Amino acid sequence: MAGEPYQGHCALALSREVTRVMSSLLDTIMAFAKARVIILGDVMLDRFVFGDVGRISPEAPIPVIRASGRESMLGGAGNVARNIISLGGSATLIGALGDDAAGADLMAAAGREERLKLILVRDSERSTTVKTRFVSQGQQLLRVDEETPVAISGSTAESLAASLEEELEGAKVLVCSDYAKGVITSDMAVRAIRSARARGTTIIVDPKGRDFRRYAGATIVTPNAYEASQATGIACDDDAGVSRAARTIAECVDCAAVVVTRGAKGMSVLSFLRGKEEIVHLPTDAREVRDVSGAGDTVIAALALALAVGAPLETAARLANLAAGIAVGKVGTAAVEATELARAIQVADLLSDRTKLVTLDAAASMARSWHLQGRTVAFTNGCFDLIHPGHVRLLERAKAEGDKLIVALNSDESVKRLKGPSRPIQNELARATVMASIGVVDLVTIFSEDTPIRALELIQPDVLVKGADYTEAQVVGADLVRARGGRIVLVDLEAGHSTSNTVQRVVQGTG
């Protein structure tokens, strides 16, 4: 029955659950500062040459880039370390480099990173791997690789294995970052996984090659879609294909989970951690895909940190997916910062449309976050008892007036006081659920007062939108919005559409 207290409790419980999930994710990020992750793998130097393209070469049909800047940073396994540090954690990076100028540049780049412990063995029999990218207007034009993809020497391998044994004491997570440059040999993979398992350390492997059997015993394997397809012979063009490939990899490696990163398509997570198979496909949260360089490293860094502080795999994967969405929106192998990840949590639709239903306090918090990002917040309110085309037009116009739209609904008791004991037709949970399903609506909240004054005071919208059946002088809260520099927008109503008239026609049997 409409207006029963139980329904109000359902809406409040749902709002509290959404707030709880968001708080849990934010608490996990805050805990990153306590985490230390060990990375063993192929360290390389990422170089970027930035410039403008103004013409085509007369020598060949290729663009000419006029260089205006250069930058060098840790790449490969080093980029995993950079992301761990940027997200607030500490990292120990174990690997090999050549005894050359590029190796010196790599050490200099590493020296700029705080909370990074370096264990890099110089090997005179190899050269330091360098990837140079030429970038203009945010787009890569060319990448040049300089590398010696041969296995490390026996003495280098022994030195790295000994260092790993020492560093594993007390470590929660080991990342094996395999770029097929010679550090993660089959023997090194077996030794590293065996040592970590003996200490109860979680092992995350970023794999390469067609044969994943050498990673047997790892906890989690994180191939991208191409790598998963190459290793299994299964096309990973859709969810079904990715699911089959992930199962094949899990059987081959005997691991607890497989995380397949899929670039602009997000990621898929296959898990056996609860004693049964579970697979989840997470769409990307990226607003714009500019460059996928290093996005996989970002995923592994966020995943490792979350698991290191005791988060369940579901939480870790969600954070990793959000971090990847941020990473692909940047140019080059840019690290993602903890503040960026926290902001993404506050503004993303993490679960479903129902998570748009939040408490007034949560709506105010989201509005503050949007304002900090320079986004305009539009607001409208009402009973919205039976949503009709007139309501949809109002909502569409309201969203057109701002970047984000918050809708405040009168509670059941508030509607009764305003409309009479026979209203609302639908209880507040039903009304809020329908409202949340409308694409232009970003947040839905419920207020118990007869007017939205308190909601307006908390949310502080930039635009207040109402139907043109009001005059601006009649709009409740108009003075509050204008006092903060906001504006009032009145929308012409669709003729012939009214909830009260619809209810009356139904009662009279003429509807």
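Residue numbers (the working numbering): 110 to 620.
For every residue, glycine included, the Cβ atom is placed at its ideal position computed from N, Cα and C.
Only a predicted model underlies this, so the values are computations on that prediction, with no experimental measurement involved.
Quick one, are the C-beta atoms of Leu466 and Ala517 less than 8 Å apart? With contacts defined as CB atoms closer than 8 Å, Leu466 and Ala517 fail to qualify as a contacting pair.
Count the CB pairs spanning the region 302-319 and the region 158-173 that are closer than 8 Å, and state whether there are at least three. Contact between the region 302-319 and the region 158-173 is absent: fewer than three C-beta pairs spanning the two stretches fall below 8 Å.
Could you give the distance in angstroms between the alpha-carbon of Val408 and the alpha-carbon of Thr448? Cα-Cα distance, rounded: 16 Å.
Taking 8 Å as the threshold (C-beta atoms), are Ile515 and Val486 in contact? Taking 8 Å as the Cβ cut-off, Val486 and Ile515 qualify as a contacting pair.
Just to confirm before moving on: does the CB-CB distance between Gly204 and Val146 stay below 8 Å? Contact: no.
I'd like the list of long-range same chain contacts for Thr542, defined as Cβ closer than 6 Å, with 5 residues on each side in sequence excluded. Closer than 6 Å at the Cβ level, and outside the excluded window around Thr542, lies no residue.
Decide if the region 534-541 is in contact with the region 558-565; the criterion is three or more beta carbon pairs, one per stretch, under 8 Å apart. Contact fails: fewer than three Cβ-Cβ distances are below 8 Å.
Relative to the alpha-carbon of Leu71, which residue among Glu558, Lys528 and Ala432 has its alpha-carbon at the smallest distance? Outside the modelled stretch of the chain, which goes from 110 to 620, sits residue 71, for which no answer is possible.
Can you check whether the CB of Val368 is closer than 8 Å to the CB of Thr331? In this structure, Val368 lies closer than 8 Å to Thr331 by Cβ.
Could you tell me the boundaries of the beta strand (DSSP E) in which Gly184 lies? Counting along the chain, the beta strand (DSSP E) containing Gly184 begins and ends at Pro172 to Gly185.
Under the rule that 16 or more other beta-carbon atoms within 10 Å means buried, what is Ile261, buried or exposed? With 16 or more other Cβ atoms within 10 Å, it is buried.
Just list the residues that DSSP pairs Ile148 with in beta bridges. Its beta-bridge partners are Leu202 and Val284.
Taking C-alpha atoms, which residue in Gly372, Lys374, Asp346 and Leu379 lies nearest to Ala355? Among Gly372, Lys374, Asp346 and Leu379, the Cα nearest to that of Ala355 belongs to Leu379.
Proximity winner among Asn333, Arg252 and Gly309, relative to Gly318 (alpha-carbon distances): Per the Cα distances, Asn333.
Can you give me the C-alpha to C-alpha distance between Arg506 and Leu599, rounded to a whole angstrom? Roughly 9 Å separates the two Cα atoms.
Which of helix, strand or coil does DSSP assign to Gln248? Strand, per DSSP.
Only counting the same chain, and skipping five residues up and downstream in sequence, which positions put a Cβ closer than 7 Å to that of Asp214? In the same chain as Asp214, and ignoring 5 residues on each side of it, the C-beta atoms closer than 7 Å to its own belong to Leu154 and Ser181, in chain order.
Buried or exposed, going by whether 16 or more other CB atoms sit within 10 Å of the CB of Gln246? So Gln246 ends up on the exposed side.
Residues sharing a beta bridge with His497, DSSP: BP columns for His497 are empty, so no partner.
May I ask you to report which of helix, strand or coil DSSP gives Pro217? Looking at the sequence provided, one finds Ala at residue 217 rather than Pro. The answer is helix: DSSP assigns Ala217 an H, G or I state.
From what residue to what residue does the alpha helix (DSSP H) around Thr407 run? Annotation: the continuous alpha helix (DSSP H) that includes Thr407 extends over Ala404 to Ala417.
Mark Glu510 as exposed unless 16 or more other C-beta atoms lie within 10 angstroms of its C-beta, in which case mark it buried. For Glu510, the number of other beta carbons within 10 angstroms of its own is at least 16, and it is reported as buried.
Just the Cα atoms here: how many angstroms apart are Asp254 and Ala289? Spanning the two alpha carbons is a distance of roughly 13 Å.
Contact belief for Leu602 with Gly576 at Cβ below 8 Å, rounded distance in angstroms: About 5 Å separates the two Cβ atoms, so the contact holds.
Give the single residue among Ile165, Glu336, Arg179 and Ser199 whose Cα lies nearest to the Cα of Phe159. When only C-alpha atoms are compared, the closest one is Arg179.
Would you kindly work out how many angstroms separate the C-alpha atoms of Gly434 and His390, rounded to a whole number? Gly434 and His390 have their C-alpha atoms roughly 14 Å apart.
If we ignore side chains and look at the alpha-carbon of each, how far apart do Phe556 and Ser304 end up? Answer to the nearest angstrom: the Cα atoms are 57 Å apart.
For Val445 and Val524, what's the separation of their Cα atoms in angstroms? A direct Cα-Cα distance of roughly 46 Å separates Val445 from Val524.
Among the residues of its own chain, which have a CB less than 6 Å from the CB of Lys281, if the five just before and after it don't count? Around Lys281: Ala417.
Please state whether DSSP places Glu537 in a helix, a strand or coil. Correct three-state label for Glu537: helix.
Hey, is the region 319-327 in contact with the region 343-352, meaning 3+ C-beta pairs nearer than 8 Å? Taking a cut-off of 8 Å on C-beta distances, the region 319-327 does not touch the region 343-352, as fewer than three cross pairs fall below it.
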